[in-house]
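Have a look at the structure below, then the notes.
Chains as they are written, first to last, in full-length UniProt numbering: chain A, 1 to 304; chain B, 1 to 304; chain C, 1 to 304; chain D, 1 to 304.
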C-alpha cells in the first residue's frame, strides 16, 4: 500500500492538471479574486501524525465550515433542546433559500443551511456580547486546532454585511417567525464575522480531530454529540449536493464557499482540503474530487 | 460487554412494553390488519453467526425494502448510466409525492422514493417478461438469503394494484416525461409484485449480508456498488425521515411500509427488524427505536 | 365608428400578415398537423346579428373550451355544492400540473385547469352512462348554438386516451384523494370525448350567447350562474396566463389547446376566435392578439 | 327599485347584526386595537352624487389600498416598461410570502402583493427624496379625492418599520436579485409611510372616481391605464382570495389590512367600505359581504 504522503502528493499533482477548476464565489470581492490554482490538502491521524501538501499553510476564509463549530458549541450548551429551533433533515433547496424557511414556518431544515446556522449563532450569542460570542468560537477553534494564531478577517466580514441580502432576508424571516432572540443586526453581525474566520488547511485539519475521535476531544464535546454532528455533516454538509457527495466520497464533510472542505473519517482521520473553485452547488470542485480519490485509495468510506 | 443475544433479548422485552406502537399502514386490508404486538429482530455477523429474537420466522411483506435489491440488480446491469434516469438526492417530500417528480421533470429524486423504484423496476424489466424480471429479483434474494423458500404474496400484489392510485399517478407522470420504457401496466404490475415479496426477519437479515461485506457477496454485486447502495440507504432510505434516522441511529438502512427495516453496519453486521406500527413518515416506529438502542449499545454508528 | 364587419376584416388581414404564429399543440398527431395559416373570428350581438370572417365554418377541436359548458351543466345540477370538490382560485402552475393538486389535497384550484374539469365531468357522469353524459353535453351545445350538427371527433378522443399521461396522472391523484366518483377509465374516457367535440367558429360564437345574456339563455342556466362562470373565465380561463389576458384584453374568455377562444362581453357580444398556433401558456397566440384588437376598438373591456 | 341611500342603509343594518366580524390585524398595536363594531360604506356616482352611511368620516389606515395609487403613479411615469420589474399574474401564496419571489427570481407576481408594491414604491422614489415621493403620493390622493386634508399616521409607519420583518425580508430578497434601485431602508421607509396614509371612507370613495371613469380623471392617468389597473384589481386585488371575490362580488377592488376595500364599477360607481375585522386571507370580512350585497342589488357585477 502506498504511504499517505505519497498518495496526497499524487492527488495534488492530479488536481494541478485539472482543466475545469470551478468558479470562485463572486458575491464579495475578497472571494471573487481567489486564485483558482491554489490547492491544499492536510490529513491528521490518530497517532498524532499530520501530512500535508500544496498551499497548506495559506490562510483562507472558512465560511460555512464554521457552522460545524458553532453547532458543536450550541449542542454542548443546549443539548437536544437545540432541535426545537432547527431541524435535522436534508434539503432540496439552495443553501441560502428562503422558500423552505417559509414552508417550515421559521424552523430551518438543518444547522448547515444558512438559516440554520444563523439560529445556532443566535443561540451561542445568548447571554454574551457579539465580541464574547466570537471570542468563544475562536477559543474553541484554537483549542481544537492546537493553534493560537486564528483570527477573523474583518474586511470579509464587512463585505458580507454589505452585500449579504439573502442572509438579511433569512434573518428577518426568522425574526418574523419568532426564531431569533436577538436583533437581525446583532445575530447576523456575529454570523458574518464567524464565517470570516481565517485558517490554513493544516489548522483546519487539526481542528476536526475532535470529531474523528482523537485530539483534544475531551475538552470540547461529548462523544454522543460527535456522532450526531458527523451524521448531520454526511446528510446535510453539502447542501443540495449532499446525496451526491455521500455517494461519491462516503465521508461526513462540511464545505464552505471559500473553497474549504472539512472531512471526518471516524476513528481514522481528520482531513481538510482547499481549492477556491466551486461547483454548481457551491462546494469546492477539486476539493470534492480530491476527497473522492483519497477516500477510494485509503478505503475510508464509512459505507464499506 | 453484554453478548449480542442478551442485548437483543433486552431490546425485545423493552419493545414489548412500549405503549405507543405506531399505526399499521391502512391503504390495503392485508397490511391494515397487521398485529401491532409483533416484533422481531435478527442480526448476521461476519463470522457466520446469526442471532434472532421475537417473531423472527414470521413472514411479512417486505414492501419498499425490495427497492434495495432492485437497485442492486439495476446498478449491476447499467452501472453509472442508471443515474441518467434517477437522482441520488434526499427529498423533503413524502415517499409517494408527485410534486417533486414534476419539478424534476420526470427524474425521481432517488431510487428509494416510489417513483425512483418504479424506474429501477422498469430498467430491470428491459428485455424480460414481468415473470422473468420477478424471477430474477426472487433468485437474487434467494442467493443473498441462502434460502430457497421466498415467494410473492399475490393477494397483496393484487390489492396494491387496485388501490395504488398515487403509484399509478407516478407511473403516468414518468411516462409523460418519457422515463418509462414499458407501459404503466407492465412496469407497475411488476413493481407491485416485487413489493409483495414475503420474507421473515431471519431471511431478510441474511439477504443484507452482501451489503455488509460478507456472505454471498461475490455472486451479487461489485464492492464499489456496495458502498454506494449503503450511502443511498443512509441519505434516502427513510424518505423525509432520513436525516432524523441518521442522527439517531447512524446506520445505513431501508424501511418498508410493512414494518420491516434492513440495516447495514459495513463490515460488522446485517440487521433486520420488524414491527408493523409506523411513524408519521411511514417507517417502523419500534423498529427504529430497536435499531437506535442496538446501535448505541454495540457502538455500531458509522459516525463514531 | 367603423362597422363590426369592417373591423373584423381588418383584424383578419392584420393577423394574416403576422410572422410569429405560435406553435400548434404537439402531443397528438391530429392537433400537431394543424395549418397555422388558419384564422377565423365570429361575433354574435344581442340583436341576433352574427358577423364572421376567415375560416369561420371550418370545424376544429374545441378542447378546453368545453370545460365552460361542463361547468355550466354541473353548476345547474349541483349549485354551490359543486365547490366542495373544486376551488375557484387562479393558479400559477401549468394547466396540467399535478403539483398543486397534491398541495391542495385533491381539490383542484378551479374548474378550468384539467384536474378541475375532470372533476366536473365526473359530476356530470353521476347517474348516467358515458354515452348519456356526452349526449347531454352535446345537446346543451346544440341548443346553445342553435345548431344540430355538432359532433365528437372520435379519432382525437382515441389519441388523447393513448397519450394523455398527465391527465391519467391527474385522474389517479384525484382518485387517491377520493375526489372521483367513477373509475379513472370512465371519467377520463368521457373527458377526452368532451374535449374532442368539433365546432366551427360560427357555432362556437353562438354557443356562448347564453353567457353574454342573450340567445337561448333561459333554457340553459340561471342568471346567477352566468355571472359566476364569466368571473371564473376572467380569473382562470387562460391558466397561468389569465392575469396577462385580463390586463391586455379585459374580457372573460376560455381558451382551448386546439386554438379556439370563446370570449364573452356581458350584454354586448359573444365572440369566438380560432387560430391553431399557441403561445407559451397554451393559449392561441393570434386569437389573443385579435381579441385584444377587437376589445380596444369596440371598447369592450369590462374594466373601462 | 330601491334608492341607493336606502340600500346602503339596509346593508349597514345587516352588517351591524353580523356575529362573525372577523379579526383585526394583530401585528401592530395601532391596528390590533381596532373597534370591530366600526362599519362604513360610501358610494360616488358619475353625476357627482355621493352617498354614505355608518362611520364614513372616521379616518383609518388605508394600508394596501395605497398600492393602487402608487401603481397609478408608476404606470403614468414608466408606462409598459414597469412590467420588466413586476408581473401581472395572480398568486396562490399569501400577500407577504417570500417563496414565490424566490421562485420568480426577484420579479414579484403582481403590484398588489407586498413585494410588488415595494418595487412600484422604489420606482416612484427614483429621482426624489422619500419626503418628495410621499408628497407626490399624497398630492395624487388629494387631487383624486378633492380633499386637502389627507395625512400620514407616523405612529403606524413607525410601528410597521419596527415589526415588519416579512417586509424587510422581501426588500432584501428584491435587493439580492437586483430589483431595488434604492437601499432597503429608503424604499421600505417610504413604503411603510405610504401604507400609513389615513383616509375616511368618504374620502377613499372619492379618490377612486378616476378609476371608475369620472371625477378628476384627466389630471391623473390615461384611460388605457384605468382599465389595466382595474383588471389587476380584479385578478390580484384580494391576494389569494381574489378568485373568490371575483366569483362572489364581480367588481375590481383592492383591500387593505386596515379593513378598507376600494371597489370600482367602471362607468357606474366608485365605492369604499371599511370594517376592521379580516377574513383568513387578510381581507375585510364584512366589507366583502357588504360589497357582495351591494353588487347583487345594484346589478353592478362586471360579469352580467
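Every residue gets a Cβ at the ideal spot worked out from N, C-alpha and C, and that includes glycine.
Chain B within 8 Å of residue i, Cβ atoms only
i, result
"residue 305(C)", "Residue 305(C) is absent from the model: chain C starts at 1 and stops at 304."
"residue 166(C)", "yes"
"residue 169(C)", "yes"
"residue 88(A)", "yes"
"residue 214(A)", "no"
"residue 303(A)", "yes"
Helix, strand or coil at residue i according to DSSP, with G and I counted as helix
i, result
"residue 17(A)", "coil"
"residue 62(A)", "coil"
"residue 198(C)", "strand"
"residue 99(B)", "helix"
"residue 168(B)", "helix"
"residue 92(A)", "coil"
"residue 136(D)", "helix"
"residue 23(B)", "strand"
"residue 249(C)", "coil"
"residue 34(C)", "coil"
"residue 242(B)", "helix"
"residue 180(B)", "coil"
"residue 83(B)", "helix"
"residue 287(D)", "helix"
Test: residue i CB closer than 8 Å to a CB of chain C
i, result
"residue 99(B)", "yes"
"residue 92(D)", "yes"
"residue 96(D)", "no"
"residue 110(D)", "yes"
Beta-carbon proximity list for residue i, same chain, < 8 Å, skipping 5 on both sides
i, result
"residue 148(B)", "142"
"residue 160(C)", "28, 167, 192, 195, 196"
"residue 249(B)", "263, 288, 291, 292, 295, 301"
"residue 163(D)", "27, 28"
"residue 186(A)", "125, 130"
"residue 87(D)", "104, 107, 108, 109, 110, 116"
"residue 134(A)", "152, 190, 193, 194"
Neighbour flag for residue i against chain A, beta carbons, 8 Å
i, result
"residue 380(D)", "Outside the shown range of chain D, which is 1 to 304, sits residue 380(D), and nothing can be said about it."
8 Å Cβ cutoff, residue i in contact with chain D
i, result
"residue 103(A)", "yes"
"residue 47(C)", "no"
"residue 130(C)", "no"
"residue 252(C)", "yes"
Same chain only: Cβ atoms within 6 Å of residue i, ignoring 5 sequence neighbours per side
i, result
"residue 239(C)", "95, 281"
"residue 169(B)", "98"
"residue 241(B)", "281, 283"
"residue 265(D)", "251, 300"
"residue 14(A)", "none"
"residue 66(D)", "194, 195, 197"
Identity of the residues DSSP links to residue i by a beta bridge
i, result
"residue 151(D)", "198(D)"
"residue 262(A)", "254(A), 272(A)"
Neighbourhood of residue i by C-beta, 7 Å cutoff - its chain only, sequence neighbours within 5 removed
i, result
"residue 150(B)", "138, 141, 142, 197, 199, 203"
CB contact check: residue i to chain E, cutoff 8 Å
i, result
"residue 57(C)", "Annotation note: the requested chain E is absent from the structure, which comprises protein chains A, B, C and D."
Can you give me, in chain order, the residues of the stretch 224 to 249 of chain B that have a beta carbon less than 7 Å from any beta carbon in chain A? 226, 227, 228, 230, 231, 232, 234, 235, 236, 240, 242, 243, 244, 246, 247
Tell me which residues of the stretch 260 to 281 of chain A have at least one Cβ-Cβ distance to chain B shorter than 7 Å, keeping chain order. 266
Counting only Cβ-Cβ distances shorter than 7 Å, please list the residues of the stretch 25 to 41 of chain C near chain D, keeping chain order. none
Interface positions of the stretch 44 to 70 of chain B facing chain A (Cβ-Cβ less than 7 Å), listed along the chain: none
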